[in-house]
Amino acid sequence: MMTCIKCKNKSVIKKLCKQHFIEYFENKVYDCIDKYELVKEGDKILVGVSGGKDSLTVLYLLNKKFKNNVTAYSVDEGIAGYRDKSLEDAKFFCEQHNISLITESIKHNFGITLDQTVSNTEKKPCSVCGVFRRYLLNKHREYDLLATGHNMDDEIQSILMNLTKNQMGLLGRCGPKPGIVSSDKFLQRIKPLYFCTEKEVMAYSFLMNFKTSFVECPYAKTSFRAAIRDEINDYESKVNGTKERIIMNFLDLVHDLNIYSDENINKDLSISITLNPITGCNSCGEPTTRELCHACSLKKELRPLILMQ
Amino acid sequence: MKITMKQCGEHTIEKEFNGNAKSLLTLLEINPETVLVVRNNELIDLEENLEDTDDIEILSVVSGG
Numbered sequence: 049m050m051t052c053i054k055c056k057n058k059s060v061i062k063k064l065c066k067q068h069f070i071e072y073f074e075n076k077v078y079d080c081i082d083k084y085e086l087v088k089e090g091d092k093i094l095v096g097v098s099g100g101k102d103s104l105t106v107l108y109l110l111n112k113k114f115k116n117n118v119t120a121y122s123v124d125e126g127i128a129g130y131r132d133k134s135l136e137d138a139k140f141f142c143e144q145h146n147i148s149l150i151t152e153s154i155k156h157n158f159g160i161t162l163d164q165t166v167s168n169t170e171k172k173p174c175s176v177c178g179v180f181r182r183y184l185l186n187k188h189r190e191y192d193l194l195a196t197g198h199n200m201d202d203e204i205q206s207i208l209m210n211l212t213k214n215q216m217g218l219l220g221r222c223g224p225k226p227g228i229v230s231s232d233k234f235l236q237r238i239k240p241l242y243f244c245t246e247k248e249v250m251a252y253s254f255l256m257n258f259k260t261s262f263v264e265c266p267y268a269k270t271s272f273r274a275a276i277r278d279e280i281n282d283y284e285s286k287v288n289g290t291k292e293r294i295i296m297n298f299l300d301l302v303h304d305l306n307i308y309s310d311e312n313i314n315k316d317l318s319i320s321i322t323l324n325p326i327t328g329c330n331s332c333g334e335p336t337t338r339e340l341c342h343a344c345s346l347k348k349e350l351r352p353l354i355l356m357q
Numbered sequence: 002m003k004i005t006m007k008q009c010g011e012h013t014i015e016k017e018f019n020g021n022a023k024s025l026l027t028l029l030e031i032n033p034e035t036v037l038v039v040r041n042n043e044l045i046d047l048e049e050n051l052e053d054t055d056d057i058e059i060l061s062v063v064s065g066g
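Line order of the protein sequences matches chains C and U. Sequential numbering from 49 applies to the first sequence in this note's numbering. Sequential numbering from 2 applies to the second sequence in this note's numbering.
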């Protein structure tokens with residue numbers, strides 16, 4: 049029998065028993081919150097909840113520490129056989145833990161589901177989903193923070209995707225407390241699970257008996273992100289610690305980048321990133337650097353399809 | 002040994018096996034980074050030795066979008 053390195057009970061993962069793994073995991077999350085000052089006293093936190101292991105884990109831990117200041121929020125993108133199941137899990141979890149849950153749908157807000165968009169256009173599902181979901185999340189600026197269940201694996205995938213696509217400006221979305229410019233037009237995001245691998249989150253949710261379905265978004269399987277994910281997992285299995293090194297080196301780099309909203313050149317690193325001024329969308333007033341925000345542009349493009357629904 | 006793979010959907014296979022969980026994953030060509038191994042409803046360390054009579058579940062850690 050494999051034993052825990054701390055107490056000699058049966059080890060379940062990382063040479064730790066159930067109790068000591070749970071302690072290790074929770075300490076990692078709370079240390080991240082403290083070190084990166086993710087939450088100030090009195091902050092009202094909206095937690096993006098899909099019903100999956102990551103969002104239920106971050107919801108549970110934030111509610112444990114900041115009870116009465118936490119509200120769950122779910123978006124129904126309209127993905128049959130996937131989102132409907134996970135939303136049931138979200139609802140069950142919130143009822144079990146007495147947490148308020150707000151649910152909004154893309155169909156109700158934009159007139160079309162993601163399934164309908166994918167069936168009738170060439171648009172990449174992740175792009176459509178991301179634009180509409182972020183729009184709805186950002187509208188809730190009556191809260192102080194938006195917490196998501198993004199874990200270390202998610203973050204590494206984003207970093208590598210941005211690098212390979214030469215989208216360096218999007219690196220501003222990375223980090224435990226992402227963002228380049230503070231603005232009352234944007235709901236500040238936080239990622240408390242930043243230093244937890246996907247496997248650790250899964251182990252925690254299993255040991256805590258969180259009821260989640262084993263589902264992957266049907267549109268995610270052939271995505272670029274999935275390909276990057278598989279490669280990184282392959283490297284990690286061959287060279288232990290790869291993921292952690294990528295994240296720590298990235299955080300050092302971001303610290304050095306020191307991006308400004310007007311001037312954009314970091315002389316030491318010779319990287320220039322241009323940030324356009326933020327204005328209000330001509331249609332809805334939400335923040336954008338263009339005439340129409342992404343959501344309104346997309347809605348305009350999909351209008352003929354929306355009218356058919 | 003009864004092995005249930007839980008990913009998107011679920012399927013079960015029967016296989017004769019003796020060894021630890023890590024070598025079972027190697028035999029099944031599954032990357033240990035991507036799964037948890039559960040024996041008789043309990044999470045086990047990958048170095049844990051398995052018996053041919055064990056009821057094993059292999060849970061994918063990848064979920065979401």
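Even glycine gets a Cβ: it sits at the ideal position worked out from N, Cα and C. Since this is a predicted model, take the numbers as computed values, not measurements.
Could one say the Cβ of C:Val-179 lies closer than 8 angstroms to chain U's Cβ atoms, at least one of them? no
Smallest Cα separation from C:Glu-152: which of C:Val-123, C:Phe-140, C:Thr-196 and C:Phe-298? C:Val-123
Sorted by chain position, which residues of the same chain lie with C-beta nearer than 8 angstroms to U:Leu-47's C-beta, five sequence neighbours on each side aside? Asn-21, Ala-22, Lys-23, Leu-26, Pro-33 and Val-38
Considering just the uninterrupted stretch of the alpha helix (DSSP H) at U:Ser-61, what are its terminal residues? For U:Ser-61, there is no enclosing alpha helix (DSSP H); the residue is found in the beta strand (DSSP E) stretching over 56 to 61.
Could you tell me the distance, in whole angstroms, from the CA atom of C:Val-166 to the CA atom of C:Glu-125? 12 angstroms
Rank C:Phe-272, C:Thr-327 and C:Arg-351 by C-alpha distance to the C-alpha of C:Phe-234 and give the top, closest one. C:Thr-327
Going by beta carbon distance, what residues of the same chain come within less than 6 angstroms of C:Pro-226, once the five residues before and after it are set aside? Arg-237
If you run the structure through DSSP and keep just helix, strand and coil, what is C:His-68? helix
CA-to-CA distance, C:Tyr-183 to C:Tyr-308, given in whole angstroms: Annotation note: pLDDT 40 at C:Tyr-308 (below 50); position unreliable, coordinate value reported separately. Answer to the nearest angstrom: the Cα atoms are 24 angstroms apart.
Alpha-carbon to alpha-carbon, U:Asn-50 and U:Val-63: 25 angstroms
Quick one: what does DSSP say C:Asn-312 is sitting in, helix, strand or coil? Below a pLDDT of 50, predicted positions are generally treated as unreliable, and C:Asn-312, at 45, falls in that range; the measurement from the model is reported next regardless. The answer is coil: DSSP assigns C:Asn-312 none of H, G, I, E or B.
I'd like the ranges of any alpha helix (DSSP H) spanning at least 4 consecutive residues and lying wholly in the stretch 137 to 174 of chain C. 154 to 158 and 162 to 168
Would C:Tyr-121 pass as a contact of C:Gly-96 if the rule is Cβ separation under 8 angstroms? yes
Using beta carbons (cut-off 8 angstroms, strictly below), is U:Leu-51 in contact with chain C? no
In terms of DSSP beta bridges, what is C:Asp-19 paired with? Outside the displayed range of chain C (49 to 357) lies residue 19 of chain C, so it cannot be described from this structure.
Cβ-based neighbour list, C:Ile-294, same chain, cut-off 6 angstroms, excluding 5 preceding and 5 following: Ile-204.
C-beta contact flag for C:Pro-224 and C:Leu-86 at 8 angstroms: yes
Any C-beta of chain C sitting closer than 8 angstroms to the C-beta of U:Ile-45? The C-beta of U:Ile-45 comes closer than 8 angstroms to at least one C-beta of chain C.
Hey, C:Leu-353 and C:Asn-168 are a contact pair by Cβ (cut 8 angstroms); roughly how many whole angstroms apart? Right, their Cβ atoms sit about 5 angstroms apart.
C:Lys-63 to C:Met-50, Cα distance in whole Å? 7 angstroms
If you measure between the beta carbons of C:Phe-69 and C:Leu-255, is that distance less than 8 angstroms? yes
Within 10 Å of its beta-carbon, does C:His-156 have 16 or more other beta-carbons around it, so buried, or fewer, so exposed? exposed
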